[in-house]
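A.B. asks:
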Amino acid sequence: MSFAEVKITKEPLMVILPILSIVAFFGIWQSLLSFGVVPSSLLASPLQVLKLFIAKWTQVNPDGALLTTHMWTSIQEAFTGYILALLVGIPLGLAMGWFPIVEGLARPIFELIRPIPPIAWIPLTIFWFGIGIPGKVFIIWIAGIVPCVINSYVGVKMTNPVLIQMARTYGASNWQIFIKICIPSALPMVFGALQIALAYCWTNLVGAELLAADNGLGFMITMGRRLAMPDMVLLGMAMVGLTGAVIGVIIDAVEKRLLAGIRR
Amino acid sequence: MTSIANETQSAKKERAPITVKAVLTNKWFLYAVSLTFFFGLWDYVAYKKILGSSLARPLEVVNYMGYMINHRLAGNSLWGHAWASTRRILIGFSIASLIAVPLGLMMALNKYVNAIVKPIFDLMKPMPPIAWISISILWFGIGEPSKVFIIIIGTFVPCLLNAYNGVRLVEPELYDVVRVLGGNRRDEIFQVCFPAAFPAIFAGLQISLSVAWTCVLAAELVSARSGLGYVIIKGMNLGRPAMVLGGMVAIALAALMTSQLVGLLEKVLCPWKREIEGL
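Just so you know, the sequences run in chain order C and H.
Take the first sequence: its letter number 255 is residue 255 in the numbering used here, and every next letter is one higher.
Take the second sequence: its letter number 204 is residue 204 in the numbering used here, and every next letter is one higher.
#1: Using a beta-carbon distance below 9 angstroms, is residue 124 (chain C) in contact with chain H?
#2: For residue 62 (chain C), which residues of its own chain have a beta-carbon under 7 angstroms away from its beta-carbon, when the five flanking residues on both sides are left out?
#3: So residue 295 (chain C) and residue 207 (chain C) are supposed to be a Cβ contact under 8 angstroms. How far apart are they, rounded?
#4: Kindly indicate if chain H contains any beta-carbon less than 9 angstroms away from that of residue 73 (chain C).
#5: In terms of DSSP beta bridges, what is residue 92 (chain C) paired with?
#6: Please tell me whether residue 120 (chain H) and residue 21 (chain C) are closer than 9 angstroms, where the distance is taken between their beta carbons.
#7: Going straight from the alpha carbon of residue 277 (chain H) to that of residue 136 (chain H), what length do you get?
#8: Output needed for residue 67 (chain H): all residues of its chain with C-beta closer than 6 angstroms, excluding positions within five of it in sequence on either side, in chain order.
#9: Could you pull out every unbroken alpha helix (DSSP H) segment of at least 4 residues lying fully inside the stretch 73-118 of chain H, listed in chain order?
#10: Does residue 13 (chain C) get closer than 9 angstroms to chain H when you measure Cβ to Cβ?
#11: Excluding the 5 residues flanking residue 131 (chain H) on each side, which residues of the same chain have their C-beta closer than 8 angstroms to its C-beta?
#12: Counting only Cβ pairs nearer than 9 angstroms, list the residues of chain H close to residue 222 (chain C).
#13: Would you call residue 110 (chain H) buried or exposed, if buried means 16 or more other Cβ atoms sit within 10 Å of its Cβ?
#14: Taking only the alpha-carbon atoms, compute the straight-line gap between residue 169 (chain H) and residue 207 (chain H) and give it to the nearest angstrom.
#15: Which value, in whole angstroms, describes the spacing of the CA atoms of residue 119 (chain C) and residue 263 (chain H)?
#16: Measure the Cβ-Cβ separation of residue 234 (chain C) and residue 49 (chain C) and say whether it is below 9 angstroms.
#17: If you draw a straight line from the alpha carbon of residue 252 (chain H) to that of residue 152 (chain H), how long is it in whole angstroms?
#18: Would DSSP call residue 60 (chain C) helix, strand or coil?
#19: For residue 248 (chain C) and residue 195 (chain C), I'd like the C-alpha separation in whole angstroms.
#20: Determine the chain H residues that contact residue 244 (chain C) at a beta-carbon separation under 8 angstroms, and present them in chain order.
#21: Is there at least one Cβ from chain C nearer than 9 angstroms to residue 83 (chain H)'s Cβ?
#22: How many angstroms separate the CA atom of residue 73 (chain C) from the CA atom of residue 64 (chain C)?
#23: Taking only beta-carbon atoms, is residue 108 (chain C) less than 9 angstroms away from chain H?
#24: So with CB distances below 7 angstroms, who are the chain H contacts of residue 197 (chain C)?
#25: Mind checking the stretch 39-52 of chain H against chain C and listing, in chain order, the residues whose C-beta falls within less than 7 angstroms of any C-beta there?
#26: Taking all protein chains shown into account, decide if residue 221 (chain C) is buried (16 or more other Cβ within 10 angstroms of its Cβ) or exposed.
#27: Comparing C-alpha positions only, which one of C:109, C:51, C:212 and C:147 sits nearest to residue 41 (chain H)?
#28: If the cut is a Cβ gap below 9 angstroms, which residues of chain H does residue 271 (chain C) touch?
#29: Against chain H, does residue 116 (chain C) count as a neighbour if the rule is that its beta carbon must be under 9 angstroms from one of theirs?
#30: Taking Cβ positions, are residue 163 (chain H) and residue 123 (chain H) nearer each other than 9 angstroms?
#31: Could you tell me the distance, in whole angstroms, from the CA atom of residue 27 (chain C) to the CA atom of residue 160 (chain H)?
#32: Does any CB atom of chain H fall closer than 9 angstroms to the CB of residue 203 (chain C)?
#33: In chain order, what residues of the same chain lie with their CB nearer than 7 angstroms to the CB of residue 264 (chain C), ignoring the 5 residues before and after it?
#34: At 8 angstroms on the CB atoms, spell out the chain H contacts of residue 189 (chain C), in chain order.
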């Protein structure tokens, strides 16, 4: 054999350290409360949060809904807004990247709206839609559409000019070049937008729910504060983080599936 | 000196004929059409009260902003509120970037630091910073510290992530060059790592700035006595759309200004960054 088999062994310390750090994190957190360093009105221990998590599956009180109801409301709102943002934002961004007329017409309005954080729309949406689901969907839509448009636009603009010239040489029409060359070559950027938009949507959903809601994970966090129950606040935060992470993983898997044939 | 044959030709400027198509595809013409349409529609909808009385006309908004500059709201003029928000952002943003950027660099340079910090960071990362508002109010009350805390939490993640990825994505050939030229580990870090990671760090700062604006607004909407978020929530409670829209315009301007400031800082501190065409 001309070359030896290379075996990569991880240094044992590198395996232990991450585990140790997580254990220390939860250990310190728990002991801060067990030994009364931090009063229990300010922070709940991990065990308390876990206990509430189990209880909330069956118990409606004190915030008026089951954990699953809160989660379902949040996911519903986030997804409606997210899908709408994709449906509008991606075609708009692609068209802005290729057709000068679309860019000329859409860009000034887009640039006017872009610097306003989506959260700032909340008071206006409460005027317009009340505190129901449509208002929150609108906020999430605004939040999600910006990264979609930017990434699709940049994706089309970054198309290799050699490919466009070649298509032109072979007599492709403007529309054919857009469909056959620009869109496929923009796809990796567009899929990058899916993740960014999701993170934006999820952040702003929590913001919208903190202010105007009667249901949902953000509402649960607010109720936890109003009722001075730190364990509920922490449970809400953990569930928001967890749900966001799970959705992110799902989208990542879908993206890998769909982009399997395209070199990134 | 001999004269060049086409010298006279180059002096004559070629001017494209003005056709309908040329006008229709002119960038500035399209921009003007678009903005006229946008403000026209806005004004029409507000004037005809299609959305009820919940939308103010553009001119009313401008007038109201002038009014807010001259009249105090809860002890502050519009400038005062804008400064209150900006100050919170600057404090939180500086604290977070001073901690997060060195930590991110250290994580990328030292695998032991990485092994200790990364798991905890990954645990915190998916939690939107806005979700921390309630707990920060429990901890710090509704004063300044709770808002600064939210901003620190929000800006920490992109700062650290970009510093970390910036160093990790440095081209390995650059290290080889330094090693070939006889550089030691110190040279590698200071001559290659930091300059190469600088653009990524600044991209992180830009992202954190927009996150910071989201955070400060959310915190001010929930509980505050000053700041631009307070202006718009007050406008909502008083049922004055002009005040809400005026506040939103002020927010957009302030956010734009801070991001221009960071962009300027980047140009001064890191002139070797390659510009990428785009939005």
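Where a beta carbon is used, it is the ideal one built from N, C-alpha and C, also for glycine.
C.D. replies: Taking the definition as stated:
#1: yes
#2: 227
#3: Beyond the ends of chain C as shown, which are 1 and 264, falls residue 295 (chain C); an answer cannot be given.
#4: No, residue 73 (chain C) lies away from the interface with chain H (no Cβ there is under 9 angstroms from its Cβ).
#5: In DSSP, residue 92 (chain C) forms no bridge with anything.
#6: Between residue 120 (chain H) and residue 21 (chain C), the CB-CB gap stays under 9 angstroms.
#7: Interpretation of residue 277 (chain H) is limited by its pLDDT of 40, a score under 50 that renders its predicted location unreliable; the figure taken from the coordinates is listed afterwards. Near 40 angstroms, if we compare the C-alpha coordinates of residue 136 (chain H) and residue 277 (chain H).
#8: none
#9: 78-109
#10: yes
#11: none
#12: 133, 134 and 222
#13: exposed
#14: 18 angstroms
#15: For the pair residue 119 (chain C) and residue 263 (chain H), the Cα-to-Cα distance works out to about 23 angstroms.
#16: yes
#17: 21 angstroms
#18: coil
#19: Looking at the backbone, the Cα of residue 248 (chain C) and that of residue 195 (chain C) are separated by about 7 angstroms.
#20: 126, 127 and 128
#21: no
#22: 13 angstroms
#23: Nearest CB-CB separation between residue 108 (chain C) and chain H: below the 9 angstroms threshold.
#24: Here the premise fails: no neighbours, minimum Cβ distance about 14 angstroms.
#25: Residues 51.
#26: buried
#27: Just measuring C-alpha positions, the residue of C:109, C:51, C:212 and C:147 sitting nearest residue 41 (chain H) is C:109.
#28: This structure does not reach residue 271 (chain C), given that chain C is present from 1 up to 264, and the question cannot be answered.
#29: yes
#30: no
#31: 25 angstroms
#32: yes
#33: With a pLDDT of 46 at residue 264 (chain C), under the threshold of 50, the modelled position of this residue cannot be trusted, and the question is left open.
#34: Ordered by position in chain H, no residue passes the 8 angstroms Cβ test against residue 189 (chain C), which lies about 10 angstroms from the chain.
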